[in-house]
Amino acid sequence: MTSHTDIENKLMTPKEAVRKFLKDGAQVAIGGFTINRNPMGIVYEIIRQRRRNLHLVCHSNGQALDLLIGAGCVMKVEIAYGGNGRFAPTCIRFRKAIENGEIAFEDYSNYQMSLRFLAGALGIPFIPTKSGLGTSLLRLQGFSREQRKARKTARKKCVTLQNPFNGKQDKVILLPALNPDVALLHAQYVGEDGTVRIKGLTFADIEQAKAADCVIVTCEEIIPRSVIRADPDQNALPPFLVDAVVRMPYGAHPTACGYFYDYDPSHLNMYRRAAKEDVLYKKYLKEWVHGVPSHEEYLDKVGTETLAKIKADPALGYAPGLDRR
Amino acid sequence: MHRGWTEGKEDQGMVAYTAREMMAISAGRFIKDGDILFAGTGVSMLAATVAKRIHAPKSVVFFETGGIDPSLDELPMAVSDPRVMSGTSVNSGLIDAFSIVGHRKLHTIAFLGAAQIDRFGNINSTCIGDYHKPDVRFCGSGGACDAASLASGVIIFMQHEKKKFVKKVDYLTSPGWLEGRNSRKKAGLPRGGPIAVVTNLGVMNFHEKTREMYLAEYYPGVTLDQIRKHTGFEMDMSKAVESVPPTDEELRILREEVDPQRLILG
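Chains as they are written, first to last, in the numbering used here: chain A, 178 to 502; chain B, 162 to 427.
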């Protein structure tokens with residue numbers, strides 16, 4: 178019988194997790210979706226440790242993507258969407274980096290990227306879909322032939338195929354599988370046995386985690402084995418798929434973590450204003466990332482008043498009546 | 162009182178509703194009771210919610226992030242907003258959500274917005290200028306290409322401007338009728354295609370055979386010349402009629418029940 182100390186060798190600080198598992202040049206999949214459940218605590222730590230040349234593989238990423246790009250950690254992205262909902266319909270540092278030619282990029286759609294993770298998780302080299310037929314997503318390559326020689330990069334963006342089983346008119350697109358070096362995700366709960374529980378929408382977190390070589394999970398709470406195993410239907414990942422567990426309350430701030438806290442509208446608005454100007458942006462990074470060496474200090478800086486405002490109603494999952502303008 | 166809308170000005174004493182309100186209500190009228198609605202967060206959220214509360218109570222709103230039929234007591238600010246996973250029938254993830262969009266048994270309607278549109282309803286939400294060195298970069302497809310490829314029908318929201326209604330989109334993010342006629346089917350997309358474009362000036366539909374966009378409705382107070390001036394390609398206006406203005410009930414529901422904070426109505 179396993180004891181509740183099962184994750185002792187996986188439990189670590191964000192500093193240790195990044196140092197151990199996330200190298201320069203790594204291909205990284207970020208969990209969450211635009212302004213929900215971004216693994217921000219780990220993202221701040223990646224920036225503090227000045228990781229460089231990351232290759233991000235994303236469906237719809239928002240705050241985490243924009244910060245990593247803005248802080249200069251990213252060399253290339255394969256992406257469906259860079260936006261922060263109505264707080265920034267297009268992520269601002271993402272937009273600037275592409276317009277200024279600072280990062281390499283290749284576009285896919287959300288479903289296509291999710292399927293690519295699924296293919297990686299299943300161990301198949303490619304996967305078909307009908308989504309994207311007739312579009313520029315199919316026709317226009319983002320990466321150059323030279324860039325395609327890099328590790329974990331497909332030699333082609335995608336190809337079309339006639340259905341080999343029936344029908345001459347029946348076409349599909351084949352998409353290359355993804356197996357990122359690291360998947361980062363923020364969950365509500367991890368059990369003392371290492372089981373991961375995600376409340377609310379899972380986005381493509383489970384596929385990303387199963388596709389990745391290494392999985393870092395940050396969580397709001399670590400709960401007893403007996404509790405997490407009492408309701409296994411709620412659980413997302415078994416312990417043996419997880420490499421590092423970091424306990425990090427409010428670890429998704431300023432993005433939401435359903436049933437624990439809402440997104441922080443005032444912070445996301447402040448971020449948008451800062452992201453527009455290089456000088457303000459440097460100041461933001463200094464003040465909110467480099468200037469707060471630990472997550473505890475970050476939360477002190479956010480302040481208990483703000484944390485109280487965004488606290489979710491445990492039945493609804495969000496903070497009703499929150500001023501979101 | 163004359164009710165009409167002119168260039169978004171509400172201070173002329175004759176205007177009882179805004180362009181955005183008219184857009185939400187016009188689009189909502191395309192929804193049939195029982196449709197399964199793939200919504201975004203802007204005006205589409207309003208259109209779906211108004212329709213649901215007025216004439217399509219059996220319709221279901223769902224989101225690409227995986228939230229199916231949320232109670233939507235508060236408007237979401239993003240498709241990942243925790244409000245899209247509250248009071249739902251099922252919470253899942255992206256792959257499950259896209260299996261609903263393209264489900265063969267369902268009549269699914271997707272609402273999309275874009276930076277550019279051409280006369281066949283192909284839309285661009287990726288970039289202006291060269292893809293590799295764009296003048297302006299936008300968010301990208303997200304789930305738009307998927308919905309446009311797989312849903313039974315698409316309703317597109319646009320600001321009616323010449324630079325947005327273009328002969329050729331700079332980047333074809335989401336497929337409309339492609340090159341018209343049966344080109345969509347030939348490309349391998351057996352169903353779907355845009356059914357309406359709803360702008361701040363009027364409503365466009367697509368010709369049944371040629372699949373070319375034509376003007377179906379202009380809002381009260383808007384002239385055909387105004388629409389012609391703001392459209393970058395030749396558009397048939399011979400079938401256009403004046404839109405039925407929003408009813409008091411439609412406006413009341415929109416303002417008091419759907420978006421009381423005016424988060425989207427502005």
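Every residue gets a Cβ at the ideal spot worked out from N, C-alpha and C, and that includes glycine. None of these values were measured; they are calculated from a predicted model.
_Rounded to the nearest angstrom, what separates K170/B and P351/B at their Cα positions?_
Residue confidence for K170/B is low, a pLDDT of 43 falling below 50, so the modelled location carries little weight; the figure read from the coordinates is stated next. Approximately 43 Å, taken between the alpha carbons.
**Q.** Residues sharing a beta bridge with F272/B, DSSP
**A.** For F272/B, DSSP records a beta bridge to I316/B.
With 16 other CB atoms within 10 Å as the buried threshold, where does P341/A fall? exposed
task: Could you tell me the boundaries of the beta strand (DSSP E) in which C335/A lies?
output: Unbroken run through C335/A: none, as it is neither H nor E.
Cut-off 8 Å between Cβ atoms - residues of its own chain near C152/A, not counting five sequence neighbours on either side
Chain A is shown from 178 up to 502; residue 152/A falls before or after that span and cannot be answered.
Q. Using the C-alpha atoms, what's the distance from D409/B back to L317/A?
A. 48 Å
| said: Quick check: the stretch 244-257 of chain B against the stretch 218-229 of chain B, are at least 3 beta-carbon pairs closer than 8 Å? | reply: yes
Item to complete: For the alpha helix (DSSP H) containing G247/A, list its first residue and its last residue.
Response: Segment 240-247, the alpha helix (DSSP H) holding G247/A.
*How should R374/A be labelled, buried or exposed, when 16 other C-beta atoms within 10 angstroms of its C-beta is the threshold for buried?*
buried
Against G208/A, what residues of chain B qualify as contacts under a CB-to-CB distance less than 9 Å, listed in chain order? None at all; the shortest Cβ gap to chain B is about 11 Å.
With a threshold of 7 Å on Cβ separation, who are the neighbours of C250/A within its own chain once the five nearest residues in sequence on each side are excluded?
I223, I224, R228, R229, L231
In whole angstroms, what separates the C-alpha of A360/A from that of N186/A? Answer to the nearest angstrom: the Cα atoms are 19 Å apart.
Fill in: Sequence-distant residues of the same chain with beta carbon closer than 7 Å to T267/A, five excluded per side
G259, G260
Check your understanding: In or out: Q365/A buried (at least 16 other Cβ within 10 Å) or exposed?
Key -> buried
Inset, instruction - Quick one: residues in its chain with C-beta nearer than 7 Å to the C-beta of E193/A, no 5 flanking neighbours on either side, listed in chain order? - result: none
- prompt: Could one say the Cβ of R265/B lies closer than 8 Å to chain A's Cβ atoms, at least one of them?
  reply: Not a single C-beta of chain A is nearer than 8 Å to the C-beta of R265/B.
So which residues of chain A does I317/B contact, with C-beta pairs closer than 7 Å? Ordered by position in chain A, no residue passes the 7 Å Cβ test against I317/B, which lies about 15 Å from the chain.
In the structure shown, what three-state DSSP assignment does R374/A receive? strand
Could you have a look at K307/A and say whether DSSP puts it in helix, strand or coil?
DSSP places K307/A in the coil class of the three-state scheme, outside both helix and strand.
### Query
Residues of chain B with CB under 9 Å from F380/A, in chain order?
For F380/A, the chain B residues whose Cβ falls inside 9 Å of its Cβ are T226, G227, S241, G254, L255, in order along the chain.
Distance cutoff 8 Å, beta carbons only. Does R244/B sit that close to anything in chain A? yes
**Prompt:** Pick from A388/A, Q339/A, Y288/A, I184/A: whose alpha carbon is nearest that of K348/A?
**Reply:** In terms of CA proximity to K348/A, Q339/A leads the group A388/A, Q339/A, Y288/A, I184/A.
If you compare alpha carbons, which of A217/B, K324/B, L233/B is closest to P421/B? L233/B
Residue(s) in a DSSP beta bridge with G228/B
N252/B
*asked:* Let me check one thing: in DSSP terms, what residues is P353/A bridge-paired to?
replied: According to DSSP, P353/A bridges with F303/A.
**OP:** Measure the C-alpha to C-alpha separation of P407/B and V204/B and round it to an integer number of angstroms.
**Re:** About 15 Å.
Check your understanding: For the stretch 302-329 of chain B, which residues have a CB atom closer than 8 Å to at least one CB atom of chain A, in sequence order?
Key -> S302, G303, G304, A305, C306, D307, S310, L311
Original post:
So what does M398/B bridge to, in DSSP terms?
Top reply: Note: M398/B sits in no beta bridge, so no partner.
Exercise for review: Can you check the stretch 333-404 of chain B for any beta strand (DSSP E) of at least 3 residues that lies completely inside it and give the ranges in chain order?
Suggested key: 355-360, 363-367, 374-379
*asked:* Along the stretch 192-208 of chain B, where does the CB come closer than 7 Å to a CB of chain A? Name the residues.
replied: T202
- request: Grab the span of the beta strand (DSSP E) containing F568/A for me, first residue to last.
  value: This structure does not reach residue 568/A, given that chain A is present from 178 up to 502, and the question cannot be answered.
Near-chain B residues of the stretch 244-261 of chain A - C-beta to any C-beta below 9 Å | I256, A257, Y258, G259, G260, N261
ask   = Does I223/A get closer than 8 Å to chain B when you measure Cβ to Cβ?
value = no
inquiry  = Does chain B have any CB closer than 8 Å to the CB of Y475/A?
reply    = No - not a single Cβ of chain B is within 8 Å of the one on Y475/A.
Cβ closer than 8 Å: which chain B residues qualify as neighbours of G297/A?
Per Cβ cutoff of 8 Å: no residues; G297/A is ~13 Å from chain B at best.
*the stretch 264-290 of chain A: positions lying closer than 8 Å to chain B by Cβ*: F264, P266, T267, C268, F271, R272, I275, E276, G278, D284, Y285, S286, N287, Y288, Q289
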